[in-house]
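**Q** Protein chains in written order, with this note's numbering: chain A, 1 to 255; chain B, 256 to 510; chain C, 511 to 765; chain D, 766 to 1020.
Just so it is clear, CB atoms sit at the ideal spot from N, CA and C, and this is done for glycine as well.
Protein chains: 4
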Amino acid sequence: MTIQVIIAGFKGRMGSTALNMVKEDKNLALAALLDPFATETEIDGVPVFTSKEELIGFSADVWVDFTTPAFAYEHTKFALENGFAPVVGTTGFTPEEIEELIALSAEKKIGGLIAPNFAIGAILLMQFAAQAAKYFPNLEIIELHHDKKKDAPSGTAIKTAELISQVRARQQQGLADEEELIAGARGADFDGMRIHSVRLPGLVAHQEVIFGAQGEGLTIRHDSYDRSSFMGGVNLGIKEVVKREHLVYGLEQLL
Amino acid sequence: MTIQVIIAGFKGRMGSTALNMVKEDKNLALAALLDPFATETEIDGVPVFTSKEELIGFSADVWVDFTTPAFAYEHTKFALENGFAPVVGTTGFTPEEIEELIALSAEKKIGGLIAPNFAIGAILLMQFAAQAAKYFPNLEIIELHHDKKKDAPSGTAIKTAELISQVRARQQQGLADEEELIAGARGADFDGMRIHSVRLPGLVAHQEVIFGAQGEGLTIRHDSYDRSSFMGGVNLGIKEVVKREHLVYGLEQLL
Amino acid sequence: MTIQVIIAGFKGRMGSTALNMVKEDKNLALAALLDPFATETEIDGVPVFTSKEELIGFSADVWVDFTTPAFAYEHTKFALENGFAPVVGTTGFTPEEIEELIALSAEKKIGGLIAPNFAIGAILLMQFAAQAAKYFPNLEIIELHHDKKKDAPSGTAIKTAELISQVRARQQQGLADEEELIAGARGADFDGMRIHSVRLPGLVAHQEVIFGAQGEGLTIRHDSYDRSSFMGGVNLGIKEVVKREHLVYGLEQLL
Amino acid sequence: MTIQVIIAGFKGRMGSTALNMVKEDKNLALAALLDPFATETEIDGVPVFTSKEELIGFSADVWVDFTTPAFAYEHTKFALENGFAPVVGTTGFTPEEIEELIALSAEKKIGGLIAPNFAIGAILLMQFAAQAAKYFPNLEIIELHHDKKKDAPSGTAIKTAELISQVRARQQQGLADEEELIAGARGADFDGMRIHSVRLPGLVAHQEVIFGAQGEGLTIRHDSYDRSSFMGGVNLGIKEVVKREHLVYGLEQLL
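If you want it as structure tokens, here you go:
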């Protein structure tokens, strides 16, 4: 059975990448496209709309949303109320909004996904790292990004460290009286874990978690080369939400 | 509460490493030592025996066994019958023997572990790889060992590939009409996965599973530097079997 | 002093990337553009030509050529005869042609470069690998490419192995009686060295040379992410040829 | 022709490892052993001495010295004066002493080597890194050691950075206004290069230099697993000093 997909925000970078992804998957079909900036009325036979109200009563299974924070909450609510399972990659929801949308989805018995990060590999890395930390409490994180990135450590590195913190007791790593001959050598200290941020031209977005124990080591590394890497997660989201009866927050809830 | 441990085969390489590990853990205590080749009657106040019968009626919690295939089955049965939870690193059990010992343990309500591999890192690698393969069906395995190793691929690489095969459909990787300019370039084909075996002096035992998907990659690597790496698994086994009510096969059952 | 550059083949993918590179370097200036497919007569004030004859008597320092094998020889000869130092990335020269062009350049006392590969990193990898092999004769090569690549091993891997062969005696690696449980596990055998070819979606072009010796290892890895990586080599070529008095073959001659 | 070798300090850890290395190389032969703590008068037919004076007039080619700083200078001078080419792994020479010994060796026309580091791999890494930095000025250093190491960064990392500083102009790496959300994330700043120090159980001594440029990356990594890794350098030193006519400081002078 083909899943009928609406794409809201199809004129943006993520939305247009999602459009191509849906087209190339035989199990998915484009039902409609929505974007306030659209000037076409149809594309390859698919109807194009500029406001969500035009989709009331429309028949489709999933509502993929890559719009902006200003629209995302209203869109997600609209989708649930009109029988479309939402898959939302827009950020900016408040915790209250998410709670409300989950409640609404449960009432309507419609699946859904709001995900700040659609890279399956990054999420697997975080899950595996948290799992491994139970047995290997000594670990360090190295994240490597292009040299135009402003913040260090990266958001993903901090999130990884947070997840690990929840499963291991705080512990000091390295020698108690270790000494930095040059400040910063031992990296950022997050709850006893060290995080090192590398910035170089040519790099894209990469992260390693290195675990060490007596006589052995375990390393988990994720490499993200371009935006297309997110589409695997969107695809998975579309196929999972149609089987569910309430909305979840975070792609990890579907893995 | 301190766990009282008997070590059978304490004169061997693994047994003596286990002896040191138990000594260094404050939560464990040596209750007795057993080895047919022992000439001492006690070591540091711990009684030494040369045959298992001398331990009938003895009080202890766990029976660690690093003997030989010829002894292991009888030892494990003896341990269960005498109230010691067995942690067995000896290989050579038949499937029937394992089944029988699991049944006996359930009857006696005693935990136990028989494990062909105690390296926690290697087992985590296999588990993570099987989990990741559900989302990333394209993968290759590179295993690297010292150049005195005879077989290629390694047993761990084959076991990893087997576990992955159970969760993904067979699929051809690489281009359909790809061509080896020199035979063997694309490695060993196991159910569509490619395995590459590197042999070099200096190396010990290392394995990488590399996953590739659109725009991203995920790599899981385990490095084993020396035999001491197994002791984390033995330690974990001792602490887990005392909480269980039947024997399991494979350290992964306790992770 | 600004180096004045002509770009032949500026309509092609490599040529247009070169055009942007020249524009962005304050030490370089575009003097003229040449392409039989050009329809413009000037771009941003730079004159555009469709046949090389129009450039007779023109004043410039360097002739960058990314045309096709059919044109490259005539273009390079033309450049030398008209006082432009050629930097040529087109392939397909015969050894005789290269010899003739080197002789012509020496006669004219004009520098020049014909290079089948402009990726500085790949060339450094090959040079370092050949140097290290003198001290570490045990090595294996792993090359990793996207899964649309047809040939295995890659041309760069074979070239690397050839360069290493010139500095080390053939030697069998691994155990004399090693055994492949699955054919191909030990990779392609090139003069005793093993080459392993990994093909996965998401990957671009990567190569590792791993050396092993008693108690230590040395690994050299090159990652190529996109075509822009070649421009560092073109830029270097432009700046070096103006200092030289004859043409060389291979970017390594200028490193 | 077999090279006749004296080993001074053969009772120590390095000296005894050197003794075994010489024994196993058919091109080398043990001529004599020296150690103030020796109680034997011969080992396997090789004469054993306790003071250097006993070796006046003795016939041998090379004097390997793994004694202590207190003896090393006198030993090296003695070796040169008595016709033995010294290969010295002891540290603690003053610059004046080294200069004096070089002058003495030149006068006597005897080769020699004083080396603070005999790991060929580590030296190749430093040489390659300095060479690559000419073309790729953006780089970061990651060094990884066991968690009993006190100082960070490691001496080798600092030495590598120093060598690189000599070939590249100081340059700021990363974004001008980059921000550390947690102090230390961007590592130690050495002349604009960033150095990151990882400390984990299980690790031995490892170092990576990662270069990044537009669209490409180059990584050079050295892994040192145990002390035996130094013996390749001692072996090389022995075979090279007999061909030379003056002493050099640093194994890199012989590569």
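Here's the rule: buried if 16 or more other CB atoms are within 10 angstroms of the residue's CB, otherwise exposed. What is E839(D)?
**A** E839(D) comes out exposed.
**Q** Just to make sure I have the definition right: I need the residues of chain B whose C-beta is within less than 9 Å of the C-beta of G982(D). Which are they?
**A** Here the premise fails: no neighbours, minimum Cβ distance about 14 Å.
**Q** Going by CA-CA distance only, name the one from F836(D), Q972(D) and L1012(D) that's closest to L909(D).
**A** Ranking F836(D), Q972(D) and L1012(D) by Cα distance to L909(D) puts Q972(D) first.
**Q** Reducing DSSP to helix, strand and coil, say where T921(D) ends up.
**A** Helix at T921(D).
**Q** Drop a sphere of 10 angstroms on the beta-carbon of K281(B), count the other beta-carbons inside from all chains shown, and report buried for 16 or more, exposed for fewer.
**A** Result: exposed.
**Q** Classify Q936(D): buried if its beta carbon has 16 or more other beta carbons within 10 angstroms, exposed otherwise.
**A** That one is exposed.
**Q** When the Cα atoms are used, what is the spatial distance from A934(D) to A424(B)?
**A** C-alpha separation (whole angstroms): 54 Å.
**Q** Using a Cβ-Cβ cut-off of 8 Å, state whether Q724(C) counts as contacting chain D.
**A** At least one chain D Cβ lies under 8 Å of Q724(C).
**Q** Taking the alpha carbon of G429(B) as the point to measure from, which residue in R696(C), R709(C), L614(C) and Q637(C) has its own alpha carbon closest?
**A** It is R709(C) whose Cα lies nearest to the Cα of G429(B).
**Q** Just the chain E side, please: which residues come within less than 8 Å of Y135(A) by C-beta, in chain order?
**A** In the displayed structure, chain E is absent; the protein chains listed are A, B, C and D.
**Q** Establish whether the CB of G684(C) and some CB of chain B are separated by less than 8 Å.
**A** Answer yes: the Cβ-Cβ gap between G684(C) and chain B drops below 8 Å somewhere.
**Q** Am I right that E726(C) and G410(B) are in contact with their C-beta atoms under 8 Å? What's the rounded C-beta distance?
**A** Actually they are not in contact, since the Cβ atoms of E726(C) and G410(B) sit about 26 Å apart, beyond 8 Å.
**Q** Comparing alpha-carbon positions, which option in E140(A), I102(A), A85(A) and Q214(A) lies nearest E5(A)?
**A** The residue asked about is misnamed: residue 5(A) is Val in this sequence, not Glu. Cα-wise, what sits closest to V5(A) is A85(A).
**Q** By a C-beta neighbour count over all protein chains shown, 10 Å radius and 16 as the cutoff for buried, is R264(A) buried or exposed?
**A** Outside the displayed span of chain A (1 to 255) sits residue 264(A), for which this structure offers no information.
**Q** Taking the alpha helix (DSSP H) that F383(B) belongs to, which residues open and close that run?
**A** Looking at the DSSP string, the run of the alpha helix (DSSP H) that includes F383(B) is I375 to A388.
**Q** Please work out which residues of its chain come closer than 6 Å, Cβ to Cβ, to L757(C), disregarding the five sequence neighbours upstream and downstream, and give them in chain order.
**A** Result list for L757(C): L611, I612, S615 and G622, in chain order.
**Q** Does any residue of chain C have a CB that is nearer than 8 Å to the CB of I821(D)?
**A** No, because no Cβ of chain C sits closer than 8 Å to the Cβ of I821(D).
**Q** Show which residues of chain D have a CB atom less than 8 Å away from the CB atom of P201(A).
**A** Residues of chain D passing the Cβ test: N903, G977, A978 and Q979.
**Q** Which chain D residues sit within Cβ distance under 9 Å of M741(C)?
**A** Simply Q979 and G980.
**Q** V574(C) to V714(C), Cα distance in whole Å?
**A** For V574(C) and V714(C), the distance between alpha carbons rounds to 26 Å.
**Q** At which residues does the alpha helix (DSSP H) containing E754(D) begin and terminate?
**A** Given a span of 766 to 1020 for chain D in the structure shown, any question on residue 754(D) remains unanswerable.
**Q** If we count Cβ pairs, one from each stretch, closer than 8 Å, do we get three or more for the region 856-866 of chain D versus the region 818-838 of chain D?
**A** They touch, by the three-pair rule.
**Q** Would you kindly work out how many angstroms separate the C-alpha atoms of H196(A) and E905(D), rounded to a whole number?
**A** Going from the Cα of H196(A) to the Cα of E905(D) covers about 11 Å.
**Q** Just how far apart, CA to CA, sit S824(D) and F995(D)?
**A** Rounded to the nearest angstrom, the two C-alpha atoms are 26 Å apart.
**Q** For the structure I just gave you, are there three or more beta carbon pairs, one from the region 1000-1012 of chain D and one from the region 742-760 of chain C, closer than 8 Å?
**A** No, they do not touch.
**Q** Spatial neighbours of T41(A) within its chain, please: C-beta separation below 8 Å, excluding the five flanking residues on both sides.
**A** Only P47 and V48 meet the Cβ criterion.
**Q** Please tell me whether A693(C) has its Cβ less than 8 Å away from any Cβ of chain B.
**A** Judged by the 8 Å Cβ criterion, A693(C) is in contact with chain B.
**Q** Check whether the region 437-445 of chain B touches the region 372-391 of chain B, taking contact to mean three or more Cβ pairs, one atom from each stretch, closer than 8 Å.
**A** Output reads no: the region 372-391 of chain B does not touch the region 437-445 of chain B.
**Q** Sort L506(B), A284(B) and D290(B) by Cα distance to E308(B) and report the nearest one.
**A** It is D290(B).
**Q** Would a C-beta distance cut-off of 8 Å place N592(C) and I624(C) closer than the cut-off?
**A** No, Cβ-Cβ distance for N592(C) and I624(C) is not below 8 Å.
**Q** Just how far apart, CA to CA, sit V932(D) and G774(D)?
**A** Spanning the two alpha carbons is a distance of roughly 38 Å.
**Q** Out of F955(D), A844(D), G1015(D) and N903(D), which has the shortest C-alpha to C-alpha gap to T984(D)?
**A** Checking every option, the nearest Cα to that of T984(D) belongs to N903(D).
**Q** Does any C-beta atom of chain B lie closer than 8 Å to the C-beta of K660(C)?
**A** For K660(C), the answer is yes, since a Cβ of chain B falls inside 8 Å of its Cβ.
**Q** Please confirm if Y831(D) has its CB atom under 8 Å from at least one CB of chain C.
**A** For the record, residue 831(D) in the displayed sequence is Phe; it is not Tyr. So no, F831(D) is outside the interface.
**Q** Do we get a CB-CB distance below 8 Å when we pair H222(A) with the residues of chain B?
**A** Yes, contact with chain B.
**Q** Leaving out the 5 sequence neighbours to the left and right, which residues in its chain are closer than 7 Å to D701(C) when beta-carbon positions are compared?
**A** Around D701(C): A671, S675 and R680.
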